[in-house]
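Okay, structure first, notes after.
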Amino acid sequence: MPRRRALLTGASLTVTLLAATGCQIQVPAAAPDGTSTAGAVRAGTSAVTRSGPLIVEPGAGFSPVYRLLGGARHSIDVTMYEFSDTTAEQDLAAAARRGVRVRVILDRRERSVNSGAYSYLGAHRVTVTWSSPDYRYTHQKTVIIDGATAVIMTANLTSRYYATSRDFMVIDTERADVSAITAVFDADFTGKAVRPGDGTDLVWSPTGSEDQLLGLINGATSSLRIYSEEMGDHAIENALVKAAERGVEVQVCPDFRSS
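If you're matching positions, the sequence shown starts at 147 in the numbering used here and goes up one per residue.
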């Protein structure tokens, strides 16, 4: 049965602008620019997770990613659900020209978006492949630089959305995390089966994400702050309601376009 692979990080549960009282979980609509109607923020690199810097979009821009691509010395491995960014394409091609090994996995079911990047990269010394048909979507968005730094993103490399989407990126240098992402990339790139390891600060779907998220929610004692483009998991929803009932401040900011 087709599955869906994604990589969840600490960036999935971060700040919101909304509040809940008692067991009433308030979910106001978001404004078209991606901020809450309760207030507006402009954020760049605004926090540090245990693994590394947390970059908040759209304020920060994608220059941190471009700089890492430009500074790669040995290898770049990219897994991307949607890829339509000419700057990133050219950076990867430039890296390949200077001798960096560049490999890219693109989601096969998003060919209408990804075909341009697939053709360009393949024509410029980049080894590019389509994702495995075993997955309904390869929803992962990661970039690994020199086997030592991983950029884990909620955003795709799709430039037309950069200015209007609230997204997060973690630049992770935790060895266990980067090793786990690299091991999965190597298997996915060659079409081999793999059971992802969780590393130190990351969780994989579909192997264990729901249990990990439920453990996080059930263990909360004071607050839960959640951004989620889509929410349709009854177990998660029930756990959030129970958390609110026991006095945890539960804050949820969904994407109004997915309602």
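Note that the Cβ used here is the ideal one computed from N, Cα and C, for glycine as well.
query                                                                                                                                                                    : result
For the 8 angstroms Cβ check, are there 3 or more pairs between the region 318-325 and the region 294-308?                                                               : yes
Hey, could you find the ends of the beta strand (DSSP E) threonine 233 is sitting in?                                                                                    : Here threonine 233 belongs to no beta strand (DSSP E); instead the alpha helix (DSSP H) covers 232-243.
Sorted by chain position, which residues of the same chain lie with C-beta nearer than 6 angstroms to glycine 268's C-beta, five sequence neighbours on each side aside? : Val274
Rounded to the nearest angstrom, what separates proline 279 and serine 368 at their Cα positions?                                                                        : 42 angstroms
Check whether the Cβ atoms of leucine 252 and aspartate 237 lie closer than 8 angstroms to each other.                                                                   : no
How many Å lie between glycine 207 and serine 258 at the Cα?                                                                                                             : 25 angstroms
What residue from His285, Thr284 and Ala242 has the CA that sits closest to tyrosine 266's CA?                                                                           : Ala242
In angstroms, rounded to a whole number, what distance separates the CA positions of serine 277 and glycine 343?                                                         : 19 angstroms
Starting from alanine 389, follow the alpha helix (DSSP H) in both directions and report where the run begins and ends.                                                  : 380-391
For proline 352, count neighbouring Cβ atoms within 10 angstroms of its own Cβ and tell me buried if that reaches 16, exposed if not.                                    : exposed
So aspartate 231 and leucine 303 are in contact, right, with Cβ under 8 angstroms, and what is the actual spacing, rounded?                                              : 4 angstroms
Output the distance between the C-alpha atoms of alanine 218 and valine 250, rounded to the nearest integer angstrom.                                                    : 15 angstroms
Only counting the same chain, and skipping five residues up and downstream in sequence, which positions put a Cβ closer than 8 angstroms to that of aspartate 379?       : Glu356
Among the candidates Glu235, Arg282 and Ala301, whose CA atom is the shortest distance from the CA of histidine 270?                                                     : Glu235
Please name the residue in Pro204, Pro199 and Asp223 whose C-alpha comes closest to that of phenylalanine 335.                                                           : Asp223
Can you list the alpha helix (DSSP H) stretches of 4 or more residues lying completely in the region 255-342, in chain order?                                            : 257-268 and 321-336
On the DSSP bridge list, what partners appear for phenylalanine 229?                                                                                                     : Leu303
So, with DSSP's three-state summary, where would you put arginine 219?                                                                                                   : coil
Pick helix, strand or coil for proline 400, following the three-state DSSP scheme.                                                                                       : strand
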